[in-house]
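Residue numbers (my numbering), protein chains in the order written: chain A, 286 to 661; chain B, 286 to 661; chain C, 286 to 661; chain D, 286 to 661.
Every residue, glycine too, gets a C-beta built ideally from N, C-alpha and C.
For clarity, every value in this text was computed on a predicted model and none was experimentally measured.
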């Protein structure tokens, strides 16, 4: 199992636990990419608190946050993971979703004749993630799609139906079983920069990543969101973007706005534990940005969300999500409408909370054939 | 355009020429992987004789020929190509078929938002090539399949039909327009090891690559073929295998057999020019092994071929191909039957000789959208 | 010529100009490492304003700023530079001082039989730079030491005296010929964060890098300096540290102090042009930290400096430099004493302003033997 | 401890054993570079027979055997070793001599603040090895030179005398304690190609590596040696060259000669165990080529040797060695003179057989300071 980022970890944590609890399975945990970088929050420390000790650490991010370095980071991760797989000799490798580290894991494992299992295949979105997700599907031997529709997509793409296991998304598991009320000290527990948030007052959560296929437009895009959030007026818990190409532009937009406007009521965070992130969004008035968590966990929690731009375009979603373009007025208006609507009913579109157990059960018993063949 | 091996070059040469002849297009040629290695024949020299001067050279093969080094070579190629693309700034990148360098080219280009064009997509085979070919399809923006059936496969896999251009395979172009008679001095012109072949006598051509998904079995597999060819008794022009995982095993099998049996009538070659290779197989009694050229060029030329094992399993083919398992008796019997049948009628299943021109025309006019989306 | 950071550039700019002016020489300029990263200031833009267009760009920093990533960045830079050298085919490669990119350049060039010229060899300091500088000397074919004493060191280390050219340091050239008065708008021209500085009031300049051989202590070290500077009370222009292992600790120290204390009168800058940096330090009351520029340019300018800790330990210096340990009281007391002393007389210890021309002249005429041999 | 080639292993084996026998020390063994490649003999298998199980395996050779790939292999090895050191956390790293893997080990360890111990420093030779050996010295914290003169060189180069331990070369240990008579079945035990040798008849041993600083001349150089050996007329045990730049040229020379001349009495070997190699050369009439073993082990054994060309130029040697240029007549004449002289008396110039124990003792007790400083 290769964990590469804070988001990665949340989406697989329940599987790690289920693997650990299954006597037929032994867990080898490799952490790499942004999960080992301080500026993305100490994911390693959070994992160790949760009882998962990494078997190995790899540094694979080529600094720059450009399309070029994204490609190079993928290449470097393949080289590193190949050496680790050579020495760890895993029986199966599990990888998550559609990030460049996912691609790296998939390429390394499949050239090394190691069966590859993949979660979140078959979904449709924007960004380079869309291409990568489907390419990883074509390299994978076991599929754990999150929704019925994605499972169907996998089969239409030529995957053998016997290898497609509709389990739901493990990210739902983590939030299905915990107390989701807002801990009063939550905002203090996680350091960050900017005005401290008042847990007694309503707030929004903002998380907007760069869109790699719109590289160069991130600075303008984030400014529209900034203006909309400030104009809307509620206090905001704002998370730094991931390490994709264009992240520098988004961060620069955030830093420059902060320097010049010193916006009251916006606090910037690096990271939360999986559970605290669920609590954070569960108690928000509205979720704003383009994180997939707004569509996945958001559906289960029924929190109103505004999905901005193309990154989640085409993705299945529940009623809690409304789209807006990169326009401050449209964003603000949509946020107001969504916040006014308030809570949506729970949707199990992306899972019912048992995905981890189902995935572990398949991993423990699957009889994988290394040689794939287009199944039509 | 990235050329990575002797086979790569033959399959794209006519496109290179068509690009050079089209005033709307400018060719940047990168050669890498085994195309720069002496032991795979001096592909660079052959290309320069043909009038193509490489823009840049990259070394990307991690030595070892194991599944691990295959993965590492892919990673290294991505890192190298990303730097080259950063500095060369191509408008479009064209890549061929399904080798690990193809995967590397596809990953680098797609993360860098460079439109990617791909030949030979949609075909079905064995080996890791099968997975890689379809993964590359999911990263590609323009498809140039070789056959009608592969074009249909691409569309079933969710590619936008507007991006699928059935052009035929450029490998056919090279052989459609030349004199295919056997130059009497052909066997002398290309050095190699072993007994010299007599051009006046009948001969077979053998080319058997390792099957990566059957890694570790190459030594036994090649021995079955060796025994069958020796037992069959005709002189043989035998080509060294490619650089895939397991190549060491195949080469070891060939070297050890040669040392211990000193087989008369087998001559080992590293490489031929594209045209001379066509002449070589065109005049053979039978083609033996698992090269895709036996199915592609072989169909057009109508030369009897025996395809051994799973590597070409499931691939479209014409009547000239019969399959045999890794068994010396079955191979020999099949070779005898095929040789007895003699020449098959020409089949244009894989192309009619105009693929290069069609591809150049699409490249010159295509309006590519970087953002892909599953098309159902 | 490989330029890798803002400091690198200042130390070689006059050589680049002299090479450009010499008809016998042609300049190929590769920029890489932190010189291509936004967070270290846009070195590329500054270079282009100066009339130098890079021949190629390479990304070589593995993110993390740990000892491990420093090693990996070195390895990656070697791989990248080897490909560039393969394609650019330089007749000679010039590299600067003692950074990890310097090591990478030296290893790549020397394995490729490309004559290597090196500036700033033979000097003695702390940090890993000390080991690297001397290792690079042992790989270099031409030496351009900055001082008489370092030239002697090179010969004692076994370098052939015929290859040792005492030219002075090119970093002095840039400041020897320009108007060094403080432009009133200087502090506005360069963005940054923190309170704006008043050019009419006295100020200090702080630049403190991590010490790689004291990895893990950077956070405490920078806090001592912060407390000393704040207690001293003058406004301060503070530059972010370089990309060495431990830089994260230093940056974290700076960021946390800034968040919690919001120190008035400290402004943080990413970068200055070579000339503006000279003007900045020339007009400072005192220079504080461990930058080598305090010893080099500082000697020529006669600006009082306090060199903290071991990084510059053992380095030749003029009277303008006094050392202090990592102790806020000692630092403050030393700063006060130095500021009270005021300006020192000009020292040409590190150069007289003609190094660039001397170096270009040697490069244009040198007859280099690739095979080195210990010269005793 | 990083072992990278067959030669590497022989030169450190006695140290490995002494470390294993010392309760204060724990051995972590990484094998990489050519030690994991089949075509250089199965070094791993030989090590495992000797009771050493590698902790990890790394593939680090970029195929090509050109100056460019030599640089790239060094870079790749640094990246790989950094990850291994990050996860293995060694207290000290021991590296051998002057190969490019040695350079990689030295760079990785020293940037990671891991004390570095080095054998065979201070010696003088030709090839790039000369530069690399001294560069590694400047990165090393503990020196184990083989001779008194090299120990003096290290101190003259500015190394702290307290870190220089004249131990002799561990390569002598292995041969000091074993029965050195020729096992009659030796030539059969090791496969290879060419005519079988007759153990009852006199023979010569040939081992000639490429000289990296004379890249491009290897083909001619090896042909001179081939002609001389064939003309001399004794049967010859010929070892394939190492993986340095130019190895392809040497191998090509050997292969072409073999194909065209089919020389009787020359047998080509990939590898011998450390002990059997000692037996092989101990019973030879003459050693021919440019291997350092002819000077080191050769001195102890007193076997007449002809050292060809510049590779061992300037190296300390005993009376058993006479130099010859790249000229078939000079080589043949020198071989005849040396063979006529016969056995030389034992010389302990390079060691007395106790180096391994001395080195282990220093490793177990050394108090290493990470921060180096030129010691004058």
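- For the beta strand (DSSP E) assignment, the uninterrupted runs of no fewer than 3 residues enclosed by the region 501 to 531 of chain D are, from N- to C-terminal side, 520 to 524.
- In the displayed model, residue 392(B) falls within a helix according to three-state DSSP.
- The Cβ of residue 533(D) sits closer than 9 Å to at least one Cβ of chain B.
- Cβ contact annotation for residue 631(D) (same chain, cutoff 7 Å, sequence separation greater than five): 585 and 587, in chain order.
- Straight-line spacing of the CA atoms in residue 287(D) and residue 302(D) works out to 14 Å.
- Residue 344(D) belongs to the set of residues whose beta carbon lies under 9 Å from a beta carbon in chain A.
- Residues of chain B with a Cβ closer than 7 Å to the Cβ of residue 341(C) are, in chain order, 372.
- Residue 402(C) has its alpha-carbon roughly 17 Å from the corresponding atom of residue 438(C).
- Per the Cβ contact rule, the region 524 to 532 of chain C is in contact with the region 486 to 503 of chain C (3 or more Cβ pairs under 8 Å).
- Out of 565(C), 629(C) and 295(C), the CA that lies nearest to the CA of residue 381(C) is found in 295(C).
- Look at the region 361 to 387 of chain A: the residues with a C-beta under 9 Å from a C-beta of chain D are 361, 364, 365, 367, 368, 369, 371 and 372.
- Residues 422, 428 and 660 of the same chain have their beta carbon placed closer than 7 Å to that of residue 444(C), with the five preceding and five following residues left out of the count.
- The region 311 to 318 of chain A and the region 340 to 350 of chain A touch, with no fewer than 3 CB-CB distances between them shorter than 8 Å.
- Put simply, the backbone Cα of residue 476(D) is about 7 Å away from that of residue 554(D).
- Taken in chain order, the unbroken stretches of alpha helix (DSSP H) that lie wholly in the region 541 to 608 of chain B and span 4 residues or more are 559 to 567 and 581 to 586.
- Neighbours of residue 544(C) across chain A, judged by C-beta separation under 7 Å: 478.
- Take residue 535(C), set aside five residues on each side of it, and the residues of its chain with a beta-carbon closer than 8 Å to its own are 493, 494, 495, 503, 504, 506, 507 and 526, in chain order.
- Note on geometry: alpha-carbon atoms of residue 611(D) and residue 606(B) lie some 54 Å from one another.
- At the C-beta level, residue 556(D) and residue 291(D) come within 9 Å of one another.
- In the three-state reduction of the DSSP assignment, residue 294(C) falls in the helix class, which pools H, G and I.
- Here DSSP, grouped into helix, strand and coil, assigns residue 538(B) to helix.
- Identification of chain A residues near residue 326(C) by a Cβ-Cβ cut-off of 7 Å yields none; the smallest Cβ-Cβ distance measures about 13 Å.
- Annotation: residue 366(B) to residue 393(B) spans about 7 Å, alpha carbon to alpha carbon.
- Closest by C-alpha distance to residue 359(D), out of 358(C), 356(C) and 363(C), is 363(C).
- When DSSP assignments are scanned along the region 413 to 441 of chain A, the uninterrupted stretches of beta strand (DSSP E) that are 3 or more residues long and fall wholly within it turn out to be 427 to 429.
- Among the residues facing chain C, residue 416(D) is included, as its CB has a counterpart in that chain under 9 Å away.
- For residue 602(A), the closest C-alpha among the options 618(A), 387(A) and 629(A) is that of 629(A).
- Comparing C-alpha distances from residue 411(B) to each of 374(B), 593(B) and 647(B) shows the shortest one belongs to 593(B).
- Distance from the Cα of residue 335(D) is smallest, within the candidate group 561(D), 486(D) and 647(D), for 561(D).
- Under the DSSP assignment, residue 380(A) falls in the beta strand (DSSP E) whose first and last residues are 378 to 381.
- Interface flag for residue 608(B) against chain A is unset, since no Cβ pair is found closer than 9 Å.
- For residue 420(D), a Cβ of chain C is located within less than 9 Å of the residue's own Cβ.
- Between residue 539(A) and chain C, the shortest Cβ-Cβ separation is not below 9 Å.
- Following the DSSP letters along the chain, one finds residue 403(B) inside the beta strand (DSSP E) bounded by residues 401 to 404.
- Among the residues facing chain D, residue 597(C) is not included, as its CB has no counterpart in that chain under 9 Å away.
- With contacts defined by Cβ atoms closer than 9 Å, residue 565(A) and residue 522(A) form a contacting pair.
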